[in-house]
């Protein structure tokens, strides 16, 4: 489906440096997108409401959106906010009434939104995606109808001389005939280049209607308040807690600081670094090195991996050679900002980055006493400035904002001068003290905290140039000004502090978001249509519904326990059915005749219709229902298994091992091989006559004369013009040609996938992994793209980098069992089998949406194989003892794919001609196919305990899709194993891309000899 952009553009206006952090509209284009829109939606109306209290302001923007199409749509509005702004609420109209949002754990919020959207009712969800970027999802935008949405956020006002000021860009409303504006609080004045605005005043409210000319005038609108009567301390009662915000003037002036002679330059050259203003970066370094004079610079380039440090000498401020090196660095790959190692001799580090860390794992490195780190941001609001500030201030430095050429002098001053900075906050009668910044802003420090008695005091310890001083702060509720939004201001200060290490502080960030209704990296804001939905999904509703919610919630608690118990009973029942299949001796059984669909035709009978699992008609057809009680192989556990059963397990494993070629060590740590080099420049053949002989992967027999099973795979050979150009080039030119083509294909996932495949085939794995990592930068929190990235990393043998990718997918989509399974398999591949078992156990034990049926048994078989390899060291206590049984397989094929709401099918044609597929899941010879996944992701699994001699053809069929495809096609992965669950297990992974309508693509074969 085509994706159309609904024309709501919120554009940057040039704000003066003093007002750069006081802009309430979005500083770059924000697009409202919707899949399948034939005509762009329209902004029918808008209004602005500003509430000012002291140095704080809450701004609300209300939009009325009209959908001129003849069907309902989902709208997604993606936008960044300025540094220091915090989303504190939004509301959606339902039935003509604005319903406020409530906080929800982030993964849960997405799960609930998508579940309700499938029911065609009214949810809305606001998420923080990365840094200060947000996504608002609204459903539905009704066919031919309108929706109202209101966004609110809080910030601290900027000082402009003796006034407080707030600039309002108005381009978002361009094209409207009128824009109502209401300002509540102290007396306000408003004006711009177009002249002053006349307000109608009533009490503490001032109202105006801006006409078309005012809206369209460049320069926007500036609101100003006098500081004459402003109280230095404000207090607000919020529930049982009193919050305060205080401003302290910083005595003294900044002085020139002693500059280092050994400097570490950390240069972010990831794909997103292209958004930085390199000219401003270089201008700042010109001034910095001129002041430094002579120095040794150790350069580390940060992308998906940090480069080894290189040495550059600066003489008399001349850094032209180093500048030439930086100018020649391509911006490419993901951002692993924590991947560098501080060298002990380095005195000072300069980090040039947008702060958008999206790759790798681990906290930012700590520094030794005396070392400092300064973070420089020239990407504006497109950066994660909160994290950059927290990282720098925790390491003795500060954030340097390079917002425009006019701000260069301010940035040079902040980098070269030493002003007073906070090194400690202590108090009596106050607690939870936190500063907006450890450095003065506009000559003042802003401190927030909780007041626990009528009067409290604090001591602010400052350090400047090695000299320590203290400032006293008295907080007296009886004399303080009456504040508003102070709880949210305090929470925003604390949140920015925690952003130094978001992974280490996940729980505290989540609790903060839940308590104060903030959109954070761990919490979202959601609106549901009815009390029944809040009860159904266990989300605490707005205050007016809470009493009824609690009463209804008590009634549903028992039903949830029942649901989990019933789910486990279903898993046990399905496992016993599978055990009966596994214990059945199919030797000697073959399909003598098959029909046109590949089904076996019983003698003197029509083909038997198949059910959706291995029970019922299907089980009866292959003799499972009447088979004796199973005697499956026990899986090693901490409890000693019976001696007889253990002997049976060893015998069965030995029997299977004699049929396979061990292609990898039996510990499972290096089981994922890279794809073989393509054998031709053409696309992979997909017809029934296709042959895999040219790319067959063959190993030696275990002993001469014994049977073997050989895996052959069909590597994906992309057939685009770009791929052909790169394949025809010498290996040394492939990366340069990729950079030449990149601008034209920068937003295409398929482009990066194709190039990575070609680089791997040419033996340039490190460059391939860099190119591949760009998928992490394309779309913030797109779980489909991240799954593709994780799968490709696994296939390339880089499971170490795949683990944090799948951890990120799990945090985004924990409601999908595939997220837990993918992480578990990656953990196993990195030598963490117990962690893998724990992740896979969640797939087995947790009730999932009905569209994920059958995945529990697949995860259980993977747990069994891992535990068998651990030889009794596995902790399986989370699983019922009845599930502690290994069931090895001679052959196993597992299909997964990246796109939700898409139906892919696994087809396995056996040597006797019978095909195992969704309409024929249990074959005469003992092949068994798992439940059919019709709604996305898979997995679908084929297994057979004892294989017939001959060839097993593995094909993938694209049945259909009902969602937009993120890479223009569906990325499909097939995992092929011989001797699955035995010491001789051998595995190959193959990844291909299919477009809708591609039937029966051959991806691999097993040849049993």
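In this note's numbering, the protein residues as written are 149 to 1157.
Beta carbons: idealized from backbone N, C-alpha and C, even for Gly.
Computed from a predicted structure; not experimentally measured.
Candidates the options: which alpha carbon is nearest residue i's?
i: residue 892; options: 870, 966, 1143, 877; result: 870
i: residue 885; options: 506, 634, 874; result: 874
i: residue 276; options: 657, 411, 620, 579; result: 657
i: residue 326; options: 680, 647, 363, 1038; result: 363
i: residue 227; options: 269, 244, 279; result: 279
i: residue 464; options: 322, 1086, 665, 439; result: 439
i: residue 534; options: 1008, 868, 1021, 233; result: 233
i: residue 1125; options: 897, 918, 1085, 1009; result: 1009
i: residue 528; options: 979, 550, 521, 251; result: 550
i: residue 500; options: 996, 540, 1007, 713; result: 540
i: residue 1062; options: 1053, 1051, 1074; result: 1074
i: residue 474; options: 523, 995, 216, 414; result: 414
i: residue 238; options: 360, 220, 272, 217; result: 272
i: residue 222; options: 231, 245, 261; result: 261
i: residue 1165; options: 454, 336, 357, 387; result: Given a span of 149 to 1157 for the chain in the structure shown, any question on residue 1165 remains unanswerable.
i: residue 930; options: 543, 945, 959, 910; result: 959
i: residue 194; options: 667, 469, 729, 322; result: 322
i: residue 647; options: 315, 1069, 1120, 231; result: 231
i: residue 274; options: 711, 257, 1016; result: 257
i: residue 505; options: 488, 521, 738, 518; result: 488
i: residue 687; options: 711, 662, 667, 709; result: 662
i: residue 608; options: 628, 583, 631, 625; result: 583
Can you have a look at residue i and say buried or exposed, based on whether 16 or more other CB atoms are within 10 angstroms of its CB?
i: residue 745; result: exposed
i: residue 769; result: Low confidence applies to residue 769: its pLDDT is 41, below 50, so where it sits in the model is not reliable enough to give any reading.
i: residue 837; result: Because the pLDDT at residue 837 is just 30, under 50, the model does not fix this residue reliably, and the point stays unresolved.
i: residue 1057; result: buried
i: residue 202; result: buried
i: residue 483; result: buried
i: residue 387; result: exposed
i: residue 448; result: buried
i: residue 1040; result: buried
i: residue 510; result: exposed
i: residue 604; result: buried
i: residue 591; result: exposed
i: residue 981; result: buried
i: residue 670; result: buried
i: residue 538; result: buried
How is the beta strand (DSSP E) around residue i delimited, first residue to last?
i: residue 654; result: Here residue 654 belongs to no beta strand (DSSP E); instead the alpha helix (DSSP H) covers 654 to 664.
i: residue 230; result: First-last for residue 230: undefined, no H or E at that position.
i: residue 191; result: 190 to 201
i: residue 874; result: Not the beta strand (DSSP E): residue 874 falls in the alpha helix (DSSP H), residues 869 to 876.
i: residue 248; result: 245 to 248
i: residue 982; result: Here residue 982 belongs to no beta strand (DSSP E); instead the alpha helix (DSSP H) covers 981 to 993.
i: residue 392; result: 389 to 397
i: residue 412; result: 410 to 416
i: residue 1012; result: No beta strand (DSSP E) holds residue 1012; the alpha helix (DSSP H) holding it covers 1003 to 1018.
i: residue 674; result: 671 to 675
i: residue 1158; result: With the chain covering only 149 through 1157, there is no way to say anything about residue 1158.
i: residue 330; result: 326 to 332
Which one or two residues does DSSP pair with residue i in a beta bridge?
i: residue 616; result: 611
i: residue 710; result: In the DSSP output, where bridge partners are listed per residue, residue 710 has none listed.
i: residue 223; result: 286
i: residue 1154; result: 859, 1100
i: residue 589; result: 592
i: residue 458; result: 447
i: residue 313; result: 306, 372
i: residue 629; result: 382
i: residue 339; result: 344, 370
Tell me whether residue i, by its Cβ, gets closer than 7 Å to a heavy atom of the ligand NAD.
i: residue 659; result: Inclusion of the ligand NAD in the displayed structure is not the case, the ligand content being empty and no account of it being possible.
How is the alpha helix (DSSP H) around residue i delimited, first residue to last?
i: residue 237; result: That residue, residue 237, is in no alpha helix (DSSP H); its beta strand (DSSP E) goes 234 to 242.
i: residue 968; result: 965 to 977
i: residue 1182; result: Residue 1182 falls outside the range modelled here, since the chain spans only 149 to 1157, and no answer is possible.
i: residue 362; result: 360 to 364
Ignoring anything shorter than 3 residues or poking outside the stretch 501 to 551, list the beta strand (DSSP E) runs there in chain order. 520 to 525, 547 to 549, all fully within the stretch 501 to 551.
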